[in-house]
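Inspection log for the structure reproduced underneath, given as structure tokens.
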Amino acid sequence: MHGCDYRPGVQRWARSYARGARAFKASWEQAMPFLLLVVDEIERRDLPGEFAMLPYVESSYQPIASNGDRPAGMWQLTPDTARGAGLVVGKEYDGRLDALASTRAALDLLERYEREFDDWRLANMAFNSGEFRVKKLLGERDPRTLSADELGKIAFNPVTHDHLDRLLALSCIVEEPQRFGIELPEPDASDRLQSVDLQAAMDLRLAARLAGVDAGDLRRWNAGYRRNRMSADVKHRLLLPAARVDRFQTASAEVPLAYWGDWLEQPAARSGGIGSWAAQVGVPVAVLALANAIDENATVGRSTRLLLPGREPEPLADSRKEPARRPRTHVVASGDTLSGIARRYDVALKDLRRWNPRAQGTLHLGDRLRLGPTTD
Numbered sequence: 004m005h006g007c008d009y010r011p012g013v014q015r016w017a018r019s020y021a022r023g024a025r026a027f028k029a030s031w032e033q034a035m036p037f038l039l040l041v042v043d044e045i046e047r048r049d050l051p052g053e054f055a056m057l058p059y060v061e062s063s064y065q066p067i068a069s070n071g072d073r074p075a076g077m078w079q080l081t082p083d084t085a086r087g088a089g090l091v092v093g094k095e096y097d098g099r100l101d102a103l104a105s106t107r108a109a110l111d112l113l114e115r116y117e118r119e120f121d122d123w124r125l126a127n128m129a130f131n132s133g134e135f136r137v138k139k140l141l142g143e144r145d146p147r148t149l150s151a152d153e154l155g156k157i158a159f160n161p162v163t164h165d166h167l168d169r170l171l172a173l174s175c176i177v178e179e180p181q182r183f184g185i186e187l188p189e190p191d192a193s194d195r196l197q198s199v200d201l202q203a204a205m206d207l208r209l210a211a212r213l214a215g216v217d218a219g220d221l222r223r224w225n226a227g228y229r230r231n232r233m234s235a236d237v238k239h240r241l242l243l244p245a246a247r248v249d250r251f252q253t254a255s256a257e258v259p260l261a262y263w264g265d266w267l268e269q270p271a272a273r274s275g276g277i278g279s280w281a282a283q284v285g286v287p288v289a290v291l292a293l294a295n296a297i298d299e300n301a302t303v304g305r306s307t308r309l310l311l312p313g314r315e316p317e318p319l320a321d322s323r324k325e326p327a328r329r330p331r332t333h334v335v336a337s338g339d340t341l342s343g344i345a346r347r348y349d350v351a352l353k354d355l356r357r358w359n360p361r362a363q364g365t366l367h368l369g370d371r372l373r374l375g376p377t378t379d
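Residue numbers for the sequence shown follow my numbering, beginning at 4 and rising by one.
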């Protein structure tokens, strides 16, 4: 590690993060499952630990979706870069949003850049601005002897220099949190994710029930699947909390593959035993009970939300592109600006201002901004 005093910009960013200590801690708590996954991959490859900070600089470890040729995912890969790294980018599955697949692809790039430039700082800059630009600006200089001052004088875009400063500031805080009055979260057992290979495609709602986890959490851990139905174009795999894997595997083994595919959550139109519902939809009682995490002899009350076999209607086939799913709100982090947030989420700046009339001037760490109109 190059240290907290590597460059003045590192200290500035570290102090900026420290001013929002509570929001900073909360953002790392949310990022923890993905951070642990990235750290494991970095250690397996014996890469510099600073690279674990890169997704936080890029996206605060959020699997952000996008449209067109814009970057996406926690590593903010463009479609061309992603495909060049072997990821599938499509409507039903986007490998840039797949935490494990995108991490492996991004680290493949960083590993290659580090071999090429023999300096992890330049590898980070190549990731940010492109390897050919780094080659061109580096010229005949020996990267192994570049001091911080010498590197800072190379005519990279200021954003590229700032990108490295932010990464080093985060590394500095992780190394010396007490220096900045910051309390970092400790990982829980539930934060450790494990990859589980599947024999066939499984509806994500069914998977959540079988694993005993919140469906929203499961979709976030497996954001590469753009719908609840898994794409046929990729290997079927789930990221689940390691503590839930045994439960999931035991339960899924009791559900025949023929029933893995398509499920819908619907309100029960009548009261009745789960057995009567199973007979109505043509599913074994044991399977329907497992899918709804209830006893086979249970009675279902009217309006109870049941998970039943069924397929969502296909989107209309026309020339319009499916809009990317966008979070409803954004929590302001250090360095955020309204224009930058608008670009990140592909919204008009004037709309962002209209939805957030109180955020016309300076943004404050931890503020929550609306990313769409209020719905009644």
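The beta-carbon is built from N, C-alpha and C at its ideal position, and this holds for glycine as well.
By DSSP's assignment, Trp266 forms a beta bridge with Pro312. Nearest Cα to Gly93 within the set Phe130, Val42, Leu50 and Ala235: Ala235. Within the DSSP bridge table, the entry for Pro244 names Leu196 as partners.
Counting only the Cα atoms, Phe130 lies some 12 Å from Ala108.
Between Phe37 and Ile185, the gap from beta carbon to beta carbon reaches 8 Å or more. 8 Å or more divides the Cβ of Leu355 from the Cβ of Val335.
Contact check for Tyr9 against Ala151 passes: the beta carbons are separated by less than 8 Å. In the three-state reduction of the DSSP assignment, Gly276 falls in the strand class.
In the pairwise beta carbon analysis, the segment 291-298 is classified as touching the segment 272-282: at least three pairs are separated by under 8 Å.
Annotation: Thr253 to Ala203 spans about 16 Å, alpha carbon to alpha carbon. Judged by DSSP secondary structure, Arg361 falls outside any beta strand (DSSP E); it is assigned neither H nor E. Proximity to Lys156 across Leu141, Asn70 and Arg169 peaks at Leu141, based on C-alpha coordinates. Here Tyr96 is near Arg229, since their CB atoms are less than 8 Å apart. Counting only the Cα atoms, Trp224 lies some 9 Å from Leu100. For Arg22, the number of other beta carbons within 10 angstroms of its own is below 16, and it is reported as exposed. In chain order, Met77, Trp78 and Gln79 place their CB closer than 7 Å to the CB of Glu61, counting only its own chain and leaving out the 5 sequence neighbours on each side. In this structure, Ala214 and Leu207 do not form a Cβ contact; the two beta carbons are roughly 10 Å apart against a cut-off of 8 Å. For Thr81, the closest of Gln33, Gly52, Ala301 and Ser132 by C-alpha to C-alpha distance is Ser132.
Between Arg48 and Leu90, the gap from beta carbon to beta carbon reaches 8 Å or more. At least 8 Å separates the beta-carbon of Leu187 from that of Ala102. For the options Leu201, Leu372, Pro58 and Pro11, the alpha carbon positioned closest to that of Pro259 is the one of Leu201. Selection Ala172, Val284, Val248 and Ile45 evaluated against Glu117 yields Ile45 as nearest (Cα-Cα). DSSP, read as helix, strand or coil, puts Thr81 in coil.
In the DSSP assignment, Val288 falls within the unbroken alpha helix (DSSP H) covering Val288 to Ala294. In the displayed model, Ala214 falls within a helix according to three-state DSSP. Excluding sequence positions up to five before and after Ile344, its CB lies within less than 7 Å of the CB of His333, Leu355 and Leu372, all in the same chain and listed in chain order. The alpha carbon of Leu40 has as its nearest neighbour, out of Ala85, Ala104 and Ala68, the alpha carbon of Ala104.
Sequence-distant Cβ neighbours of Pro190 in its own chain, meaning closer than 7 Å and more than five residues away, are Met35 and Leu39. Note: Thr253 is not bridge-paired with any residue in the DSSP secondary-structure output. As the crow flies, the alpha-carbon of Arg331 is around 7 Å from that of Gly375.
Between the C-alpha atoms of Ile176 and Ser19 there is a straight-line separation of about 11 Å. DSSP places His333 inside the beta strand (DSSP E), whose first and last residues are Thr332 to Val334. In the three-state reduction of the DSSP assignment, Tyr64 falls in the coil class, being assigned neither a helical nor a strand state.
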